Amino acid sequence: MKDTSQNHRLILAILAVVVGLFMVAVAPFLIQTSLERVVAALQIVSAEKPAYASGILIFSYAFPLYRGLIFIGGIALLWLAGPIHRGEEWSFPAGLLASAFPSAGGMFMMMPYVSFVDGFPLPTAVSIVGLIFFWSFILLRKVDKWLKWGQFLALTFAGMLTTHAFIVGTGNLRTLLTRPGKPMYDGLGTWVLAWSQPIQWICVILLFVAIFQIAARKFSGWWLALISVTSLVAIDVPMQIIRLTMTDSTAWDYTYGMPVIIGLLFVLLFPKFKQALIAEE
C-alpha cells in the first residue's frame with residue numbers, strides 16, 4: 002500500500018467511508034424491504050405450490066444473517082479509512098473481506114427477489130456498491146501486474162462462488178424441509194440433498210476466509226480456495242447427474258457455477274498467477 006500513490010489512497014479512503022455508511026445506514030432498510038416483498042410473494046406462491054412454503058422460513062433467517070454481516074462490514078470499512086489512507090498493508094485483506102459481504106450477499110438476495118418479485122431487484126444496489134469498493138481496492142493499488150490481475154480474478158471468482166454455493170445450499174434445505182415422507186428420506190434422490198447442503202455452506206465459510214488470506218498473500222488462502230473449489234466439483238457433478246436421472250427435475254442448478262469453478266481453478270493453478278498470489282513458502 003505504501004507504493005500506491007497518495008491520491009489513490011485518498012480516493013480509497015473516501016470510498017471506504019461512503020460505502021461503509023451505505024452498508025450501515027442504507028443497506029439494512031433495502032434488505033428489510035426486499036425480505037418483506039419476497040415473503041409476501043412466497044405466501045401467494047406457496048398457497049398453490051406448498052413446496053415453496055419452506056422458503057419463507059429460510060429467507061426470514063438468511064436475509065437478516067447477511068444484513069448482519071454487511072452491517073459489521075460497514076463498521077469495519079469506516080474504521081479502515083484511516084489505515085487505508087496511511088497505506089497500512091494489513092488494511093487491504095481486511096477491507097476486501099468487509100466489502101465481500103455486500104458484494105456476495107446482495108447477489109444472493111437478488112435471486113429470490115428476481116424469482117418472485119416484479120420490478121428492479123433492490124439487493125442489486127447492495128451488491129453493486131460493495132463491488133465498487135471491492136474492485137477499486139484491487140485495481141487502484143500499485144503492485145505487479147500478475148499479482149493485481151491474479152487477485153482480481155481469484156477474489157472475484159471466490160466471491161461469486163460463495164453466492165452460488167449459498168444459493169444451492171439454500172435450495173437443498175428448502176427441498177429437504179418439504180420432502181415427501183418427512184422425516185424419512187425417500188430414496189437416493191432425496192437423501193443426497195442432506196449430503197450436499199452442509200458442504201455448500203461450509204465451502205461458503207471457507208471461501209470467505211480464503212478471500213482474506215489470498216488478499217494477504219498467504220499460502221493458506223490459496224489452499225483453502227483450492228480445497229473449497231475441489232469439494233464443490235466433487236459434490237455438484239454427481240448431484241447434477243442424480244438430479245437428472247433419479248428425479249423428475251430437468252433443472253441444471255448444479256452446473257451454473259461450473260464456469261466460475263473452472264475460472265478459479267485456472268487462476269489458482271496457473272504458475273504465474275500462483276507464484277504472484279503466494280508470498281510465503
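Every number in my numbering is 1 more than the matching position in the sequence shown, counting from 1. All residues carry an ideal CB built from backbone N, CA and C; glycine is no exception. The model shown is predicted, which means the values in this text are computed figures rather than measured ones.
Looking only at its chain, what residues have a beta carbon closer than 8 Å to the beta carbon of residue i, apart from the 5 residues adjacent to it on each side?
| i | result |
| --- | --- |
| I129 | G107 |
| L178 | S55, L58 and I59 |
Sorted by chain position, which residues of the same chain lie with C-beta nearer than 7 Å to residue i's C-beta, five sequence neighbours on each side aside?
| i | result |
| --- | --- |
| Y53 | L43, V46 and S47 |
| C204 | A166, S229, S232 and L233 |
| D145 | A277 |
| G96 | A17, L78, L81, I85 and F138 |
With residue i and residue j assumed to form a contact (beta carbons below 8 Å), what rounded beta-carbon distance in angstroms separates them?
| i | j | result |
| --- | --- | --- |
| M111 | P122 | 5 Å |
| S71 | Q152 | Looking at the sequence itself, residue 71 is Ile, so the reference to Ser does not match. That pair is no contact at about 22 Å. |
| Q241 | W253 | 7 Å |
| F64 | S35 | 7 Å |
| E279 | F220 | Reading off the sequence shown, one finds Ile at residue 279, where the question assumed Glu. Right, their Cβ atoms sit about 5 Å apart. |
Determine whether the beta carbon atoms of residue i and residue j lie at a separation below 9 Å.
| i | j | result |
| --- | --- | --- |
| F109 | I168 | yes |
| A17 | I73 | no |
| W80 | A217 | no |
| I155 | V268 | This sequence places Ala at residue 155; Ile is not what is there. Yes. |
| I200 | G170 | yes |
| W147 | A28 | no |
| R142 | F93 | yes |
| G88 | R10 | yes |
Grab me the residues of residue i's own chain with a C-beta within less than 6 Å of its C-beta, minus the 5 sequence neighbours each way, in chain order.
| i | result |
| --- | --- |
| L207 | L225 and S229 |
| I236 | S197 and I200 |
| A105 | G160, T163 and T164 |
| L227 | L269 |
If contact is defined by three or more beta carbon pairs under 8 Å, each pair taking one atom from either stretch, is the stretch 75-90 in contact with the stretch 14-29?
yes
Is the stretch 159-174 touching the stretch 136-146, taking contact as three or more C-beta pairs under 8 Å?
no
Enumerate, from N- to C-terminal direction, the unbroken alpha helix (DSSP H) stretches of 4 or more residues contained entirely within the stretch 162-234.
189-216
Which ranges does the alpha helix (DSSP H) cover as unbroken runs of at least 4 residues, wholly within the stretch 73-159, from first to last along the chain?
92-117 and 124-140
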